[in-house]
Amino acid sequence: EAARLALHAGVDIDLHSGTYLKELPALVRSGKVPKAELDAAVRRVLVAKYKLGLFDDPFRYGDRATAKRVTLSPQHRALARKAARESMVLLENRNATLPLRHSGRIAVIGPLAEARETLQGPMPAVGKPRDVVPILDGIRNAAGKGVAVDFAKGVDVGGDDTSGIAAAVKLAKASDIAVLVLGEDRPMIGEGNSRAHVDLPGKQLELAKAVKAAGVPIVVVLVNGRPLTIPWLHEHADAVLEAWLPGDDGGNAVADLLFGDENPSGKLPITFPRTLGQVPIHYAHLETGRPFDPGDSYTTRYVDVSNSPLYPFGYGLSYTTFEFGPLHLDSTSLAPNGTLHVTVRVANTGTRAGTEVVQLYVRDEVADVSRPVRQLRGFERVTLAPGESKNVTFTITPSMLAFHRLDMSYGTEPGVFDVYAGGDSTATAHATFTLQRDSGSHP
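Counting in the numbering used here, the sequence shown runs from 1316 upward without gaps.
Written out as structure tokens, the structure reads:
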């Protein structure tokens, strides 16, 4: 029955279970699965393989001879480095702690500073740990001859041993700044590795507090595969860079951003909670029956923590600053087969060039089923020189406003929509438009 329902629903490939191989022949012979339905699924798979070129070259890098020729070339490394740094997100930067200066003494502290396998993530394919540039090495590569870079592990990623904290504190006191590389190691990340608590594992937070108490600025580099609850770092770290699992050239990519050779431009693709009790938390949540009102205690709220996330979806800082102007719509009405253009002006108000990710969000004010408070409907990377500004225009079509309605048909409903644009999911630049009714619309 599962095989029949799945095929009918459009699941063309049964990847691991073997259920299709076992059940479909009898289902087709009995007439419970029409042969035409099976043929259509097979044809879609074959078309996909044809478009991938597998009929011309069935192995596509899968044969031994080709595999031996595949190397981690300089071009591959350059692309890996670029992808890594553009994915990293600057979460905090108090008092312009970053970029680091190419002078003085830097203490690199933490259990993941020398990590190789963890930077590759839980599914590295043919990646080899020996090819990975650890974050400590990346910092040393970028620091230059005028900078002393010393290392202390402090603590393990997990466990209760704190005997190394004293040495880390001693090193920090002898340094101008401390870079703490903290987070999760590979056995904690990926498929089959859920965590009941999503704060820093082991004694890493204790290490961070001790180094902060040493009186030097602390920069935290996070290596992790999930959003973490890091309220203490949010409040007390001088800078926080979310590095994720940055791959083979991750150490150099981290250093590119720490020393300011490149300007951070990444944005969060997930929401960071303040505490585990807020989970599940995401930007596109449904409105409640009693939306939060700070003046009314009988609305949706926590009594011990803010409703808002620690860091919202789409968030990310830069070494420069950006400002957004008001939204301009070319029409306040969207026809059933029409288009609507939303324009916002973004300006670089800082002192160095930078890239902002301009984001467009839409909200359906009233529908026959609950709709998210906001949905991302467009984004564009815009690079601006200091003082430069640019108009960014997004196109909205009715298909972007469709959803599964109360009767489970897929389509639109006429009515008023809110549109927002800005640098993250809390964007305040706002306008409204009306989607007109068509023959396929619900009342």
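Yeah, the Cβ is synthetic: ideal placement off N, Cα and C, and Gly gets one too.
Residue pairing by DSSP leaves residue 1507 without any beta bridge partner. If you draw a straight line from the Cα of residue 1657 to the Cα of residue 1645, it is about 7 angstroms long. Short of 7 angstroms from the beta carbon of residue 1356, and not among the five residues preceding or following it, lie these beta carbons of its own chain, in chain order: 1322 and 1327. With the rule of 3 Cβ pairs closer than 8 angstroms, the segment 1459–1466 counts as touching the segment 1408–1419.
DSSP places residue 1614 in the coil class of the three-state scheme, outside both helix and strand. Contact annotation: the segment 1690–1704 does not touch the segment 1743–1750, with fewer than three C-beta pairs closer than 8 angstroms. With 16 or more neighbouring CB atoms inside 10 Å of its own CB, residue 1408 falls in the buried class. As summarised for the segment 1407–1489, the continuous alpha helix (DSSP H) elements at least 4 residues long and confined to that stretch are 1432–1435, 1450–1458 and 1480–1488, given in chain order.
Contiguous alpha helix (DSSP H) elements confined to the segment 1535–1559 occur at 1546–1551, taking only those with 4 or more residues. In this structure, residue 1501 keeps its C-beta atom at 7 angstroms or more from the C-beta atom of residue 1429. Distance from the CA of residue 1725 to the CA of residue 1688, rounded to the nearest whole angstrom, comes to 19 angstroms.
For the 7 angstroms CB-CB criterion, residue 1581 and residue 1402 form a contact.
Put simply, the backbone Cα of residue 1720 is about 27 angstroms away from that of residue 1584. The beta carbon of residue 1539 lies closer than 6 angstroms to those of 1498 and 1499 in the same chain, with the five residues before and after it left out. Residue 1631 and residue 1605 have their C-alpha atoms spaced approximately 30 angstroms apart. Around the CB of residue 1345, fewer than 16 other CB atoms lie within 10 Å, so the residue is classed as exposed. Between residue 1560 and residue 1436, the C-beta spacing is below 7 angstroms. Taking the C-beta atoms as reference points, residue 1531 is found nearer than 7 angstroms to residue 1493. Comparing alpha carbon positions, the residue from 1377, 1667, 1619 and 1649 closest to residue 1636 is 1667.
Under the criterion of beta carbons closer than 8 angstroms, residue 1476 and residue 1484 do not qualify as touching, at roughly 15 angstroms. For residue 1558 and residue 1661, the gap between their C-alpha atoms comes out near 26 angstroms.
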